[in-house]
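Trainee: Input: one structure, supplied below.
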Amino acid sequence: MKFDRRTFIGSAAATTGLLAAPMVRAQGKPRVVVIGGGAGGATAARYLAKDSQGALDVTLVEPTRTYYTCFFSNLYLGGFRDMGSLGHSYGTLASDYGINVIHDWAVGVDRDAKTVTLAGGSSLPYDRLILSPGIDFVDGAVEGWDVSAQNAMPHAYKGGSQTELLKAQIMAMPQGGTFAMVAPPNPYRCPPGPYERISMVAHALKEVNPTAKILIADPKESFSKQGLFEEGWNRHYAGMVERIGPDFGGANVSVDPQAMTLTIDGDVNDVDVCNVIPAMKAGRIAEIAGITDGNWAPVNAADMSSKMDPNIHVLGDAAAQGDMPKSGFSANSQAKVCANAVRGALTGSTVFPARFANTCWSLIDTNDGVKVGATYEATDEKIAKVDGFVSATGESDELRAATYQESIGWYDGIVADMFG
Amino acid sequence: MRRHLLLLAFMGAASHGFAEVGGDPERGEELFRQCSSCHQVGQGAVDRIGPQLNHIFDRAAGEAEGFRYSAGFERAAAGGLVWTYDTLDSFIENPRVLVSNTRMSFRGIAEQQDRDDLLAYLRLFSSSPANIPEAAPTAAAVDHAVAPEVLAIVGDPAYGEYLSGECTACHQASGAATGIPSITNWPTEDFVVAMHAYKEGVRAHPVMQMMAGRLSNEEIAALAAYFESIR
Ligand SMILES: Cc1cc2nc3c(=O)[nH]c(=O)nc-3n(C[C@H](O)[C@H](O)[C@H](O)COP(=O)(O)OP(=O)(O)OC[C@H]3O[C@@H](n4cnc5c(N)ncnc54)[C@H](O)[C@@H]3O)c2cc1C
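Chains as they are written, first to last, in our numbering: chain R, 1 to 420; chain G, 1001 to 1231.
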């Protein structure tokens, strides 16, 4: 078969209307505002600026000056990384890519006027708006917990200080104490994340506090890479980890942050550290913009445009897109599809068909790495899975070590792809 | 179609029952001369520039004790490459199909009969050649090489640039390599050969098999054209 780009573009255009007359602006360049400088937003801003070579005016709104990745934050808990190695600045995006980086919160979106209001008071006009605000927590998801309790019972599900706090608490546990986790219901950021965390906490405790116990209250029947994690826990941390699933009340929990108790199905447990990972929803600004349906923002798979507003695109964890897991890899993949489509719409550049991929590595113990991955395509209805794989139980030590090495390479690769 | 054949060959290898082209070990011994400047086989064979080749069949790649392999080889080995008739056959045909940047600078043996003869000779020095066919030739040769017309496709670098976004989630555009190999500055043909080997499952890495598996010949050519353009 001969390559016929027209067929590709034709089919992409048919589903999205992307080739509709590019907006040509009389004065100034078309403006793209990106809210959120994480895995989705930083990648989108960088690709838009890089590929349009000055034809677009790209603004990135992000309150923090240093982005601490959630990915590899579990390795920090396990003692495999230091915090500094997880922090990334926006300097290169501003200096080398000409992106206007504004360190502020977006607090409002006026979809009719096509402007974004910042906490500082100013207003940013846009031709296209890209939202990649990550997650927030569902109010009242875990009885007894709200964000005001996040110091006593950290979630550590946003990067940086929460992760440091959790690590300090783990290190301060009394000998033989209990680390508890309230695991989240689906869908949530990073499906293997809580279980990689258990592995890394177990690794840290095994070194300094070998008689400590780990207790998980889990509302889910099953979880990502379950066979691999359970094999690893038996192998490396025998007798340390206890998981209470929904059959035994794992979905019926409450906490008391003052008393430091976790109650599972009426059973009160005294715990020394309690990592509460509540149910999640799209970052608040998506709701404020009025583009959510329930907890998430539904999007069209071909270009990640909001189903509620064709001038807004939503990336990463905040989007309801179909089959992709909420991961940094996914957000990065979606960002490139979106950047290509937005640039095409605003400058008339060629729009290539959407294609997505994800791979998530997890570390179970020293040199014991595993991975899961899949490819995806855009259908009219959603982002649909095409093909996938997962590491097998019983793999050789060499392969596991190579997989861990590979994950280090991936980390360096994706942050370079996000921040330049 | 080629993929189909390959699969059949692998399945046959697993069940010991497949027919392959038979080889002549005496002719193979002569052909081995071109290998012997680097490799030894037989009684007293030791590692030289390349590892000794006794018991090569069924051996996991990169396992010759004491031999220092290239990084590319160690990666292929960690990925689970095992020397069977089929993998040896494709490696001898073109080493780069299986391992990039191997120190084995050998252009390969194009003729199926020559490869069969050579492998028939090498099998004499393997104690458990369970996967070596005894039967007379009936099956068609397995073709591992990338067809010339596929190699000749001229790709669209703009499309390749877009597609390369799938690569740079892991492989750094700067060429820096930490745990994941660099993919910049490769000879274009090596790049295309390696991608087709993943696509057809000859190379073992599951992420790469998955990523390459859905690239069309034109898309592989487009990627090659893009990476060529930024060299
Ligand atoms: C413990 C853990 C381990 C993980 N491990 C992996 C892994 O190994 N691999 C992987 O691929 N993924 C992993 N993830 C998931 C990954 O971190 C997320 O899926 C990814 O960060 C999502 O990208 P995003 O752009 O949607 O959100 P984020 O990366 O969270 O970025 C959102 C950004 O938006 C900003 N923001 C929010 N609201 C506003 C506003 N109103 N105005 C301006 N800015 C705003 C925030 O400050 C933030 O910087 C892990 C997550 C956790 C918690």
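Each residue gets a CB set at the ideal place from its N, CA and C atoms; glycine is no exception.
Does the region 279-292 of chain R come close enough to the region 98-114 of chain R to have 3 or more Cβ pairs within less than 8 Å?
Mentor: Yes: at least three Cβ pairs fall under 8 Å.
Trainee: Any beta-carbon of chain G closer than 8 Å to the one on Lys326(R)?
Mentor: So no, Lys326(R) is outside the interface.
Trainee: Along the region 1068-1100 of chain G, what residues have a CB closer than 9 Å to any CB found in chain R?
Mentor: Answer in chain order: Glu1074, Arg1075, Ala1077, Ala1078, Gly1079, Gly1080.
Trainee: Check whether the region 1218-1226 of chain G and the region 374-386 of chain R touch, using three or more Cβ-Cβ pairs below 8 Å as the test.
Mentor: Result no; under three Cβ-Cβ pairs closer than 8 Å.
Trainee: Using 8 Å as the limit for Cβ to Cβ distance, is Ala357(R) near chain G?
Mentor: Yes - at least one Cβ of chain G is within 8 Å of the one on Ala357(R).
Trainee: Less than 8 Å between C-beta atoms, sequence neighbours within five positions excluded: which residues of the same chain meet that for Asn100(R)?
Mentor: Contacts found: Asp57, Val58, Thr59, Leu60, Ala94.
Trainee: On the premise that Ala42(R) lies in contact with Ile130(R), defined as a C-beta separation below 8 Å, what is that separation, rounded to the nearest angstrom?
Mentor: The pair is not a contact, with the Cβ atoms about 11 Å apart (cut-off 8 Å).
Trainee: In the region 278-365 of chain R, which residue ranges form an unbroken alpha helix (DSSP H) of at least 4 residues, counting only runs that do not cross its ends?
Mentor: Runs found: 284-288, 328-347.
Trainee: Looking at the strands, I want to know which residues DSSP matches up with Pro1206(G).
Mentor: DSSP lists no partner for Pro1206(G).
Trainee: If I measure Cβ to Cβ from Gly1072(G) and keep anything under 6 Å in the same chain, skipping five residues before and after, which residues do I get?
Mentor: So the list reads Val1099, Ser1100, Asn1101, Thr1102, once near-sequence residues are dropped.
Trainee: Give the single residue among Glu1030(G), Ala1060(G), Leu1151(G) whose Cα lies nearest to the Cα of Leu399(R).
Mentor: The option with the nearest alpha carbon to Leu399(R) is Ala1060(G).
Trainee: Could you give the uninterrupted runs of the alpha helix (DSSP H) lying entirely in the region 96-122 of chain R, keeping only those of 4 residues or more?
Mentor: Runs found: none.
Trainee: Residues of the region 378-398 of chain R in Cβ contact with chain G at a cutoff of 9 Å, in chain order, please.
Mentor: Under the 9 Å Cβ criterion, the region 378-398 of chain R contributes Val386, Asp387, Gly388, Phe389, Val390, Ser391, Glu395, Ser396, Glu398.
Trainee: Just to confirm before moving on: does the CB-CB distance between Gly193(R) and Asn74(R) stay below 8 Å?
Mentor: It is a contact, given that the beta carbons lie within the stated cut-off.
Trainee: If you compare alpha carbons, which of Ile216(R), Phe329(R), Arg81(R) is closest to Asn358(R)?
Mentor: Nearest of Ile216(R), Phe329(R), Arg81(R) to Asn358(R), Cα basis: Phe329(R).
Trainee: Name the chain G residues that come within less than 9 Å of Lys336(R), Cβ to Cβ?
Mentor: The answer, in chain order, is Tyr1162, Gly1165, Glu1166, Thr1168, Ala1169.
Trainee: In its own chain, which residues sit with a C-beta less than 8 Å from the C-beta of Val299(R), not counting the 5 before and 5 after it?
Mentor: Cβ neighbours of Val299(R) beyond the five flanking positions: Ser305, Ser306, Lys307, His313, Val314, Ala319, Ala320, Gln321.
Trainee: Thr1178(G) versus chain R: which residues are under 7 Å apart at the beta carbon?
Mentor: Going along chain R in sequence order, the residues near Thr1178(G) (Cβ under 7 Å) are Ile408, Gly409, Asp412.
Trainee: If distances are taken between C-alpha atoms only, which option among Asp317(R), Asp365(R), Val253(R) comes closest to Gly140(R)?
Mentor: For the residues Asp317(R), Asp365(R), Val253(R), the minimum Cα distance to Gly140(R) belongs to Val253(R).
Trainee: In whole angstroms, what separates the C-alpha of Thr178(R) from that of Tyr157(R)?
Mentor: Spanning the two alpha carbons is a distance of roughly 20 Å.
Trainee: Keeping to the same chain, check which residues put their C-beta closer than 6 Å to that of Gly1028(G); ignore five residues upstream and five downstream.
Mentor: The answer, listed in chain order, is Asp1117, Leu1118, Ala1120, Tyr1121.
Trainee: Could you compute how far the alpha carbon of Phe1106(G) sits from the alpha carbon of Trp361(R)?
Mentor: Taking the straight line joining both Cα atoms gives about 35 Å.
Trainee: Is it true that the CB of Ser1229(G) sits closer than 8 Å to the CB of Pro1157(G)?
Mentor: The answer is yes: Cβ separation under 8 Å.
Trainee: Over the uninterrupted alpha helix (DSSP H) stretch that includes Lys423(R), give me the two end residues.
Mentor: Because residue 423(R) is not part of the residues shown, which for chain R are 1 to 420, the question remains open.
Trainee: Please determine, among Gly227(R), Thr347(R), Arg46(R), the residue with the shortest C-alpha to C-alpha distance to Val370(R).
Mentor: Of the candidates Gly227(R), Thr347(R), Arg46(R), the one whose C-alpha sits nearest the C-alpha of Val370(R) is Gly227(R).
Trainee: For the alpha helix (DSSP H) that Asn269(R) lies in, which residues bound it at each end?
Mentor: No alpha helix (DSSP H) contains Asn269(R), which is instead part of the beta strand (DSSP E) from 267-270.
Trainee: Within 8 Å, do at least three Cβ pairs link the region 254-268 of chain R to the region 144-154 of chain R?
Mentor: Yes: at least three Cβ pairs fall under 8 Å.
Trainee: May I ask you to check if the CB of Asp317(R) is nearer than 7 Å to at least one heavy atom of ligand 1?
Mentor: The answer is yes for Asp317(R).
Trainee: Using Cβ-Cβ distances below 7 Å, what residues of the region 1182-1211 of chain G are close to chain R?
Mentor: For the region 1182-1211 of chain G, which is checked against every Cβ of chain R, the residues closer than 7 Å are Pro1206, Val1207, Met1210, Met1211.
Trainee: Could you check the C-alpha separation between Ala168(R) and Met200(R) for me, to the nearest Å?
Mentor: Using only the alpha carbons, I get a separation of about 14 Å.
Trainee: In terms of alpha-carbon separation, which member of Ala339(R), Val116(R), Ala345(R), Met324(R) lies closest to Glu377(R)?
Mentor: It is Met324(R).
Trainee: Whole angstroms is fine: what's the gap from Glu1026(G)'s alpha carbon to Gln1043(G)'s?
Mentor: The straight-line gap from Cα to Cα measures roughly 17 Å.
Trainee: Return the Cβ separation of Ala204(R) and Ile170(R) in integer angstroms, given the expectation that the two are a contact with Cβ distance under 8 Å.
Mentor: 6 Å between Cβ atoms; contact.
Trainee: Please identify, using Cβ separations under 8 Å, the residues of the region 83-114 of chain R that lie next to chain G, in order along the chain.
Mentor: So nothing in the stretch comes that close.
Trainee: Alpha carbon to alpha carbon, how far is Val390(R) from Pro1148(G)? Give it in angstroms, no decimals.
Mentor: Their Cα atoms are separated by approximately 34 Å.
Trainee: Tell me the rounded alpha-carbon separation between Gly98(R) and Gln1209(G).
Mentor: Answer to the nearest angstrom: the Cα atoms are 37 Å apart.
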